[in-house]
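Trainee: Just passing along the structure, written as structure tokens.
Protein chains: 2
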Amino acid sequence: MTEDFVLHQQLAADTVWIADWPLSSLLLMRAERRWPWLILVPRRPGKREIADLERADRALLIEEIADATRLLQVLYDPLKVNVAALGNSVSQLHVHVIARTRDDPVWPKPIWGQLPAEPYEASELETRLAQLRHALTAGRHKG
Amino acid sequence: MTEDFVLHQQLAADTVWIADWPLSSLLLMRAERRWPWLILVPRRPGKREIADLERADRALLIEEIADATRLLQVLYDPLKVNVAALGNSVSQLHVHVIARTRDDPVWPKPIWGQLPAEPYEASELETRLAQLRHALTAGRHKG
Chain A
314 MTEDFVLHQQ LAADTVWIAD WPLSSLLLMR AERRWPWLIL VPRRPGKREI
364 ADLERADRAL LIEEIADATR LLQVLYDPLK VNVAALGNSV SQLHVHVIAR
414 TRDDPVWPKP IWGQLPAEPY EASELETRLA QLRHALTAGR HKG
Chain B
314 MTEDFVLHQQ LAADTVWIAD WPLSSLLLMR AERRWPWLIL VPRRPGKREI
364 ADLERADRAL LIEEIADATR LLQVLYDPLK VNVAALGNSV SQLHVHVIAR
414 TRDDPVWPKP IWGQLPAEPY EASELETRLA QLRHALTAGR HKG
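Residue numbers (the working numbering), protein chains in the order written: chain A, 314 to 456; chain B, 314 to 456.
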């Protein structure tokens, strides 16, 4: 029997769903407003490390990382996009794709361990989601 | 004329060369002894983001990330391997692959921004390099 994929409850609480790509669900981090912050979660149950995926899924994952990067680039003109698969607290495999922008309060440091989280306000979150969904619909993230 | 690949001087100063894989040079971070910390640097000039690579090189890169992960797993039995392409300070594309072990002083936090760097002592560095080179020669990192 195949185990079904279920999004980890902490990821479900911290994010808003944007789209399902071939391998991964694309999510927006709602718990932090200062960086446009996407999370890719491969819809494969029981995976913790990138090395746990099948080879074909790994090839999909890095294409989706590239697509998420380009999505942030066309929308937010970031100084750099930070990509990270950490998973120390939430063991379900997920990849952070974060735009580091010109008004970034901790640039050039990594964002972790610098500042307490600052969630979006409701209207701001709607604006962010509308930007992302519009760019996706227009296909602006495809390489 | 093709631009030649040259390792960024900060990466050259902070690391020791271990091996050249098909796409990337595999390096050991010498500037931090508390985590077995590998760095993959694709030998492609002028790349900053994963999205800047050719698609075929991206497929190689994620296989090399998986191989580096397995190398750390067979040697150090980590709680988790952290993978990150940040590049805020050193713009040359490079990927951190870091073993978070049981005696990790900041677990489960990300390692960045927590503690001042603590470089290896010479004998300890030699031991680490010997472990890595021996495991590579034995092919223990191949999935």
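We put the beta carbon where it would ideally sit given N, CA and C, even for glycine.
1) Got a sec? Which residues, its chain only, sit under 8 angstroms from B/Leu383 by beta carbon, not counting five neighbours each side?
2) Cβ atoms of B/Leu341 and B/Leu351: under 8 angstroms apart, would you say?
3) According to DSSP, simplified to helix, strand and coil, what is B/His454?
4) Closer than 8 angstroms between beta carbons: that is the criterion. Which residues of the stretch 334 to 359 of chain A meet it against chain B?
5) Do B/Glu367 and B/Trp334 come within 8 angstroms of each other at the CB atom, strictly closer than that value?
6) What does the alpha-carbon distance come out to for the pair A/Thr440 and A/Trp420?
7) Kindly list the residues whose CB is nearer than 7 angstroms to the CB of A/Ala379, restricted to its own chain and excluding five residues on each side of it in sequence; keep chain order.
8) Determine, for B/Ile331, whether the minimum Cβ-Cβ distance to residues of chain A falls below 8 angstroms.
9) Assuming A/Leu385 and A/Pro391 form a contact by the criterion Cβ under 8 angstroms, report the distance between their Cβ atoms to the nearest whole angstrom.
10) Output needed for A/Ile411: all residues of its chain with C-beta closer than 6 angstroms, excluding positions within five of it in sequence on either side, in chain order.
11) Got a sec? Which residues, its chain only, sit under 6 angstroms from B/Ala344 by beta carbon, not counting five neighbours each side?
12) Let me confirm a value: B/Val290 is counted as buried when at least 16 other C-beta atoms fall within 10 Å, else exposed. Which label applies?
13) In or out: A/Leu374 buried (at least 16 other Cβ within 10 Å) or exposed?
14) Pick from A/Leu438, A/Ile331, A/Ile363, A/Gln405: whose alpha carbon is nearest that of A/Thr450?
15) Does DSSP classify A/Ser338 as helix, strand or coil?
16) Along the chain, where does the beta strand (DSSP E) that runs through A/Arg413 open and close?
17) From which residue to which residue does the alpha helix (DSSP H) around A/Ala332 run?
18) Three-state secondary structure (DSSP) at A/Ile424?
19) Work out the CA separation of A/Ala364 and A/Leu438 for me, nearest whole Å.
20) Is the CB of A/Leu406 under 8 angstroms away from at least one CB in chain B?
21) Classify B/Ala397 as helix, strand or coil using the three-state DSSP reduction.
Mentor: Judging by the given coordinates:
1) It is worth fixing the name first, because residue 383 of chain B is Arg in this sequence and not Leu. If we look at B/Arg383 and ignore the five residues flanking it on each side, its Cβ neighbours are Arg453, His454, Lys455, Gly456.
2) yes
3) coil
4) none
5) no
6) 24 angstroms
7) Gly456
8) no
9) 6 angstroms
10) Trp348, Trp350, Asn395
11) Asp327, Ala430, Pro432
12) The structure shown has nothing for residue 290 of chain B, since chain B only spans 314 to 456.
13) buried
14) A/Ile331
15) strand
16) 408 to 413
17) Element bounds for A/Ala332: not the alpha helix (DSSP H) but the beta strand (DSSP E), 328 to 333.
18) coil
19) 33 angstroms
20) no
21) strand
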